[in-house]
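J.: Right, I'll just put the structure down here and ask away after.
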Amino acid sequence: MEGGEKGKRHRQLIHDVRLKTGMVFQEFNLFPHMSVLDNVIEGPVIVKGMDRLKAVELGEMNLDRVGMFFKKDEYPNRLSGGQKQRVAIARALTMEPKVMLFDEPTSALDPELIGEVLNVMKKLAQEGMTMLVVTHEMGFAREVADRVVVMAEGEIIEIANPTDLFAQPRDPRTQALIDRYRTGGG
């Protein structure tokens, strides 16, 4: 019976961690049949059991926070990629996470839309949100990160603060990545 209790506690711990973690994916994963506001409040209402009126208030606040309040009654098919990604960020924020995970949040965007998403993420960083960001946006990493982890072929090859990493990378693969960034090739 002890193993069963341990497993139950472990599952509860995982559940609790998930409730405190926001996730923003490469693809926006918005429900096409729901308005922007309904997409944003679905998680708090269904997963957390939040009162709908409180969820609407919180959702509207987070849509405003990411500059999307004016689109709250629109449907995802009427939004640009950058707008969809900002709605996805508002959706994650409405779950009131302690940590936000971003999986290449700008990779599915046209180049002219990348800035609007990065600006929202910079604002979150300035507000003190803990974020783990997988990105190829080296300028963003240099400007916003407290710590940069460089990976190659599924392995961590270097960990440093951005100032040290960009000034004196230790691994030749990191140097090559930074050289591509500096010449505009990546």
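So the sequence shown is numbered by this note's numbering: it starts at 13 and just counts up by one.
Backbone N, C-alpha and C define an ideal beta-carbon position, used for all residues, glycine too.
None of the values given here were measured: they were computed from a predicted structure.
Only counting the same chain, and skipping five residues up and downstream in sequence, which positions put a Cβ closer than 7 Å to that of residue 110?
T.: Closer than 7 Å at the Cβ level, and outside the excluded window around residue 110, lie 32 and 142.
J.: Tell me whether the beta-carbon of residue 136 lies closer than 8 Å to the beta-carbon of residue 107.
T.: No. Outside cutoff.
J.: Round the Cβ separation of residue 149 and residue 195 to the nearest angstrom and send it over; I've been treating them as touching at under 8 Å.
T.: Not confirmed; about 16 Å, so no contact.
J.: Once you ignore the five residues that flank residue 36 on each side, which residues in its own chain have a CB closer than 6 Å to its CB?
T.: So the qualifying residues of the chain are 100, 101, 104, 114 and 117.
J.: Are residue 48 and residue 80 closer than 8 Å when you measure CB to CB?
T.: In contact: residue 48 and residue 80 (Cβ atoms closer than 8 Å).
J.: Using the Cβ count rule (16 or more neighbours within 10 Å means buried), how would you classify residue 133?
T.: Answer is buried; the Cβ neighbour count reaches 16.
J.: Roughly how many angstroms lie between the CA atoms of residue 155 and residue 190, to the nearest whole one?
T.: Cα to Cα, residue 155 sits roughly 14 Å from residue 190.
J.: Measure the C-alpha to C-alpha separation of residue 57 and residue 69 and round it to an integer number of angstroms.
T.: Approximately 12 Å between the Cα atoms of the pair.
J.: Within 10 Å of its beta-carbon, does residue 78 have 16 or more other beta-carbons around it, so buried, or fewer, so exposed?
T.: Label assigned to residue 78: buried.
J.: When we look at the beta-carbon of residue 163 and count the other beta-carbons within 10 Å, is it buried (16 or more) or exposed?
T.: It counts as exposed.
J.: How would you call residue 89, buried or exposed, if buried means at least 16 neighbouring beta carbons within 10 angstroms?
T.: With fewer than 16 Cβ atoms within 10 Å of its Cβ, residue 89 is classed as exposed.
J.: Spatial neighbours of residue 193 within its chain, please: CB distance less than 7 Å, with the 5 preceding and 5 following residues excluded, ordered by chain position.
T.: If we look at residue 193 and ignore the five residues flanking it on each side, its Cβ neighbours are 150.
J.: Based on the DSSP output, what are the partners of residue 183 in its beta bridges?
T.: Its beta-bridge partners do not exist; DSSP assigns none.
J.: Are the Cβ atoms of residue 171 and residue 159 separated by less than 8 Å?
T.: The answer is yes: Cβ separation under 8 Å.
J.: Tell me the DSSP secondary structure of residue 164 in three-state form.
T.: Residue state, collapsed to three classes: strand.
J.: Within this structure, are the beta carbons of residue 145 and residue 98 separated by less than 8 Å?
T.: Cβ atoms of residue 145 and residue 98: not closer than 8 Å.
J.: In this structure, what does DSSP give as the bridge partners for residue 157?
T.: None, per the DSSP bridge assignment.
J.: If you count every other CB in all the chains shown that lies within 10 Å of the CB of residue 175, and 16 or more means buried, which is it?
T.: By the neighbour-count rule (16 or more Cβ atoms within 10 Å), residue 175 is not buried but exposed.
J.: Only counting the same chain, and skipping five residues up and downstream in sequence, which positions put a Cβ closer than 6 Å to that of residue 38?
T.: Contacts found: 115, 116, 119 and 120.
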